[in-house]
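Below is one structure, written out as structure tokens; comments come after it.
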Amino acid sequence: MLLPEIKEREYRFKLALRMGLPIFGLVFALIIHTFISSQENLDTSFYIGSIVVLAFSIYFIFHLIYSGFDTKITDIISKVFTRDYLYKYLKKELDSNKDYTLILISCDNINEINNRYGIKSGDKVLCEIPIWINTYLKGKGIFNFPIGHIKGGDFIIGLKGKSSEYRTILELMSLKSDELKIDDIEVIISSAINDTSFSNDLEYMIENLFELQDLNKNQKKFLNENKDINPNELESYVINAIKQKSFIVMNQDVFNKDRRVAIKEYFVKLKASNSKDIHQKSYMKILDKLRLMPEYDYMVLEKSIQNYNADDDIFAINISPTSIRNYTFLTKVKELLLNNKHIKNKVMFILYEKEYYSHLDRYNEILKSLRLLGVKIVIDKVGANHASFVYMRELEVDVIRMDGVYTKEIDKSKYKNILDGFILMAKANDIKIWMKMIENEESYNKIKNLNIDYFQGKYLAPLEKIYEN
Numbered sequence: 447m448l449l450p451e452i453k454e455r456e457y458r459f460k461l462a463l464r465m466g467l468p469i470f471g472l473v474f475a476l477i478i479h480t481f482i483s484s485q486e487n488l489d490t491s492f493y494i495g496s497i498v499v500l501a502f503s504i505y506f507i508f509h510l511i512y513s514g515f516d517t518k519i520t521d522i523i524s525k526v527f528t529r530d531y532l533y534k535y536l537k538k539e540l541d542s543n544k545d546y547t548l549i550l551i552s553c554d555n556i557n558e559i560n561n562r563y564g565i566k567s568g569d570k571v572l573c574e575i576p577i578w579i580n581t582y583l584k585g586k587g588i589f590n591f592p593i594g595h596i597k598g599g600d601f602i603i604g605l606k607g608k609s610s611e612y613r614t615i616l617e618l619m620s621l622k623s624d625e626l627k628i629d630d631i632e633v634i635i636s637s638a639i640n641d642t643s644f645s646n647d648l649e650y651m652i653e654n655l656f657e658l659q660d661l662n663k664n665q666k667k668f669l670n671e672n673k674d675i676n677p678n679e680l681e682s683y684v685i686n687a688i689k690q691k692s693f694i695v696m697n698q699d700v701f702n703k704d705r706r707v708a709i710k711e712y713f714v715k716l717k718a719s720n721s722k723d724i725h726q727k728s729y730m731k732i733l734d735k736l737r738l739m740p741e742y743d744y745m746v747l748e749k750s751i752q753n754y755n756a757d758d759d760i761f762a763i764n765i766s767p768t769s770i771r772n773y774t775f776l777t778k779v780k781e782l783l784l785n786n787k788h789i790k791n792k793v794m795f796i797l798y799e800k801e802y803y804s805h806l807d808r809y810n811e812i813l814k815s816l817r818l819l820g821v822k823i824v825i826d827k828v829g830a831n832h833a834s835f836v837y838m839r840e841l842e843v844d845v846i847r848m849d850g851v852y853t854k855e856i857d858k859s860k861y862k863n864i865l866d867g868f869i870l871m872a873k874a875n876d877i878k879i880w881m882k883m884i885e886n887e888e889s890y891n892k893i894k895n896l897n898i899d900y901f902q903g904k905y906l907a908p909l910e911k912i913y914e915n
């Protein structure tokens, strides 16, 4: 048992004892008074009954105290519903309301507030945000709605009706949040909304809210390519596709400075049992959730190697860093590489993750062991987040692929200057540069004048199907 649990038991016992003493005293005084005043008329049943009443009162008080602690309705910091209670509440609401809307409101910079201004300031922000939300919605005629703290700076609101009824209100609230400051601390708010037209499953609805929020942050419109597939069915399709190894592989040529093909990048779609293709952005989150990512990565790598000809160009495939750091997966991959020596120096692993892995020494050793087997390592979306920069600086890699924004915004001096800095750092460390998403001749002409090694995009080469099972 952990120390907090031990201390919790001690606290409950002492509290129950303090609350029970007056009742114990009252019962005891009543028994003594009865015994003194009516001693001659008392029989054995009185003594037995007194003991039973006393024992029952002790048990009842302790039971109330302990069960009371187990049921927590409000979060101690934000004063809104706890996650567990909110889930129970919303599940009842979804059962009793055909049309129901969920709204996600997040404080995106809560970690920065905790680090810069202190945890107490962060706690105050978490307490004030629900008050601000409540005040705003009251002004719009919305009262007594459930709101709960999910994690970090994330809050979920439940409202009866369709999302179309609240979308404008949410957009106005998001605009108003630009002015939100708590004790002169700037609070950055983001949001997302969905309703039961997406799913009646609470967990799927909440997961979808976070996906929508990510898309909104990147100023992209939400395009659900599998909108006709129920989320429960989508999971089943993904699981079955992995079991049956049913997928499509497409590739796209990547060119060097001489406009010759240097690399072929592979892209994968899973095939559902209903004959629909499941696109990567739809199934990657499911693979992570179901812990199927290593199995998926190995399946794709194995099939790519089986179909590889010795005269082919280098092929590059996306591999999840979490799979790379999985001992079982890593062992199987090394065995696969050793048994297929014709692909040595012919395969690239493209790695990307938003949050960097703190045990960089271990990560570096893993990558070194793969490089010794002839695997070239590519860090993707460099310049998009802190993790990619740390990896470029700390890990031994062969290639960095710049985030697509540097191609799109090549005309802007700020992006051009940052790109020049990355190119300078890469060349100083003997790392090659790969630019993607080149969609037109103008972009290509501007990029080819830079010290870039690899070029990729629809302007240069289309996607081609190379395998289907």
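Each residue of the sequence shown is one higher than the last, beginning at 447 in the numbering used here.
From the three backbone atoms N, C-alpha and C, an ideal C-beta is built for every residue, glycine too.
Using only the alpha-carbon positions, how far apart do Lys710 and Ser769 sit? Translated into positions along the sequence shown, residue 710 becomes position 264. Translated into positions along the sequence shown, residue 769 becomes position 323. It is roughly 22 Å from the alpha-carbon of Lys710 to the alpha-carbon of Ser769.
Quick one: residues in its chain with C-beta nearer than 6 Å to the C-beta of Gln902, no 5 flanking neighbours on either side, listed in chain order? Taking the sequence shown and counting its residues from 1, the one referred to as residue 902 is at position 456. Answer for Gln902: Val700 and Lys882, listed in chain order.
Can you give me the C-alpha to C-alpha distance between Tyr913 and Val695, rounded to a whole angstrom? Taking the sequence shown and counting its residues from 1, one reaches residue 913 at position 467. Taking the sequence shown and counting its residues from 1, one reaches residue 695 at position 249. Their backbone Cα atoms lie some 5 Å apart in a straight line.
Could you give the distance in angstroms between the alpha-carbon of Arg613 and the alpha-carbon of Ile639? Within the sequence shown, numbered from 1, the residue matching residue 613 stands at position 167. Within the sequence shown, numbered from 1, the residue matching residue 639 stands at position 193. Their Cα atoms are separated by approximately 7 Å.
With C-beta atoms as the reference, is Leu716 less than 9 Å away from Glu748? As a working note, residue 716 is residue 270 in the sequence shown. As a working note, residue 748 is residue 302 in the sequence shown. At a Cβ-Cβ threshold of 9 Å, Leu716 and Glu748 do not count as neighbours.
Using only CA atoms, which one of Asn772, Asp807, Ser750 and Ile796 lies nearest to His788? For this step, residue 788 is matched to residue 342 along the sequence shown. Ranked by Cα distance from His788, the options Asn772, Asp807, Ser750 and Ile796 are led by Ser750.
In the DSSP assignment, the beta strand (DSSP E) including Phe713 goes from what residue to what residue? Indexing the sequence shown from 1 puts residue 713 at position 267. Segment Val707 to Lys717, the beta strand (DSSP E) holding Phe713.
Please return the same chain residues whose Cβ sits closer than 6 Å to the Cβ of Lys892, not counting the five positions on each side in sequence. What you label residue 892 is simply residue 446 of the sequence shown in a count that begins at 1. Around Lys892: Ile856.
For the region 582-619, which segments carrying the beta strand (DSSP E) assignment without a break, of at least 3 residues, lie completely within its bounds, in sequence order? Segments of the beta strand (DSSP E) lying fully in the region 582-619: 593-597 and 600-606.
What do you reckon, are the CB atoms on Gln726 and Val714 nearer than 9 Å? Stepping through the sequence shown from its first residue, residue 726 is reached at position 280. Stepping through the sequence shown from its first residue, residue 714 is reached at position 268. Val714 is positioned such that its CB atom lies closer than 9 Å to that of Gln726.
Measure the CB-CB distance between Tyr754 and Asn786 and report whether it falls below 9 Å. To locate residue 754, count along the sequence shown from 1; it is residue 308. To locate residue 786, count along the sequence shown from 1; it is residue 340. Taking C-beta atoms as the reference points, Tyr754 and Asn786 count as a pair closer than 9 Å.
If we ignore side chains and look at the alpha-carbon of each, how far apart do Tyr837 and Glu617 end up? Position 391 of the sequence shown, counted from the first residue, corresponds to residue 837. Position 171 of the sequence shown, counted from the first residue, corresponds to residue 617. The alpha-carbon atoms of Tyr837 and Glu617 are separated by roughly 37 Å.
Looking at the secondary structure, which residues open and close the beta strand (DSSP E) in which Ile763 lies? Taking the sequence shown and counting its residues from 1, one reaches residue 763 at position 317. It spans Ile760 to Asn764 - the beta strand (DSSP E) in which Ile763 sits, taken as one unbroken run.
Measure the C-alpha to C-alpha separation of Lys703 and Asp849 and round it to an integer number of angstroms. Sequence index remark: in the sequence shown, residue 703 carries index 257 (1-based). Sequence index remark: in the sequence shown, residue 849 carries index 403 (1-based). Taking the Cα positions, Lys703 is about 19 Å away from Asp849.
Helix or strand or just coil, what does DSSP make of Val526? In the sequence shown, residue 526 corresponds to position 80, counting from 1. Coil.
Helix, strand or coil, according to DSSP, for Ile634 in the structure here? The sequence position of residue 634 within the sequence shown is 188, counting from 1. In this structure, Ile634 counts as coil in the three-state DSSP scheme.
Cβ distance (whole Å) where Ile603 is taken to contact Ile551 below 8 Å: If you number the sequence shown from 1, residue 603 lands on position 157. If you number the sequence shown from 1, residue 551 lands on position 105. That belief holds up - the Cβ atoms of Ile603 and Ile551 are roughly 7 Å apart, short of 8 Å.
Compare the Cα-Cα distances from Phe527 to each of Asp545, Leu572, Ile494 and Gly568 and report the closest residue. Your numbering for residue 527 matches position 81 in the sequence shown. If you compare the alpha carbons of Asp545, Leu572, Ile494 and Gly568 with that of Phe527, the shortest gap goes to Leu572.
Just list the residues that DSSP pairs Gln698 with in beta bridges. Counting from one through the sequence shown, the residue named residue 698 turns up at place 252. In the DSSP output, where bridge partners are listed per residue, Gln698 has Glu711.
Which one or two residues does DSSP pair with Leu816 in a beta bridge? Sequence index remark: in the sequence shown, residue 816 carries index 370 (1-based). Partner(s): none; Leu816 has no beta bridge.
According to the neighbour-count rule (16 or more other Cβ atoms, all chains shown, within 10 Å of its Cβ), is Asp624 buried or exposed? As a working note, residue 624 is residue 178 in the sequence shown. Within a 10 Å sphere around the beta-carbon of Asp624 sit fewer than 16 other beta-carbons, which makes this residue exposed.
If I follow the unbroken alpha helix (DSSP H) through Phe868, where does it start and stop? Taking the first residue of the sequence shown as position 1, residue 868 is located at position 422. DSSP places Phe868 in the uninterrupted alpha helix (DSSP H) bounded by Ser859 to Ala874.
Quick one, which of Arg529, Val824, Ala718 and Ile519 has its alpha-carbon nearest Asn915's? Taking the first residue of the sequence shown as position 1, residue 915 is located at position 469. The option with the nearest alpha carbon to Asn915 is Ala718.
Count the other C-beta atoms from every protein chain shown that fall within 10 angstroms of the C-beta of Glu671, then say buried if there are 16 or more, exposed otherwise. The residue given as residue 671 occupies position 225 in the sequence shown. Note that Glu671 scores 45 on pLDDT, short of 50, meaning its location in the model is unreliable and no value can be drawn from it.
When you compare only the Cα positions, how much space is there between Leu870 and Glu653? Your numbering for residue 870 matches position 424 in the sequence shown. Your numbering for residue 653 matches position 207 in the sequence shown. Rounded to the nearest whole angstrom, the CA to CA distance from Leu870 to Glu653 is 40 Å.
List the endpoints of the continuous beta strand (DSSP E) containing Val843. Residue numbering aside, residue 843 sits at position 397 when the sequence shown is read from its first letter. For Val843, no beta strand (DSSP E) run applies, since DSSP gives it neither H nor E.
Same chain only: Cβ atoms within 6 Å of Leu909, ignoring 5 sequence neighbours per side: In the sequence shown, the residue the question calls residue 909 occupies position 463. Excluding sequence neighbours, Leu909 sits near Met696 and Gln698.
Quick check on Tyr505: buried or exposed, where buried means 16 or more other Cβ atoms within 10 Å of its Cβ? The count along the sequence shown starts at 1 and reaches residue 505 at position 59. Burial call: exposed.
Where Asn897 falls, given that 16 or more other Cβ within 10 Å makes a residue buried: For the purposes of this step, residue 897 is taken as the residue at position 451 of the sequence shown. So Asn897 ends up on the exposed side.
N-terminal and C-terminal residue of the alpha helix (DSSP H) that Ile732 is part of: Start at 1 with the first residue of the sequence shown, and residue 732 comes out as number 286. The continuous alpha helix (DSSP H) containing Ile732 extends over residues Gln726 to Lys735.
Inter-residue Cα distance where the pair is Asn543 and Glu611: As a position in the sequence shown, residue 543 is number 97, starting the count at 1. As a position in the sequence shown, residue 611 is number 165, starting the count at 1. Between Asn543 and Glu611, the C-alpha separation is close to 15 Å.
Whose C-alpha, out of Val828, Trp880, Asn886 and Glu842, is nearest the C-alpha of Lys854? As a position in the sequence shown, residue 854 is number 408, starting the count at 1. If we check each option's Cα against that of Lys854, Asn886 comes out closest.
For Leu438, does the three-state DSSP call read helix, strand or coil? Since the first and last residues shown for the chain are 447 and 915, residue 438 lies out of range.
For Met794, which three-state DSSP category applies? Taking the first residue of the sequence shown as 1, we reach residue 794 at position 348. Met794: strand per DSSP, three-state reduction.
Do the CB positions of Val824 and Phe868 come within less than 9 Å of each other? As a working mapping, residue 824 is identified with position 378 in the sequence shown. As a working mapping, residue 868 is identified with position 422 in the sequence shown. Result no, Cβ atoms of Val824 and Phe868 do not sit closer than 9 Å.
Let me know if Ala475 comes out buried or exposed under the rule of 16 or more other beta-carbons within 10 Å of its beta-carbon. As a first step, residue 475 is located in the sequence shown; it is residue number 29 there, counting from the start. Result: exposed.
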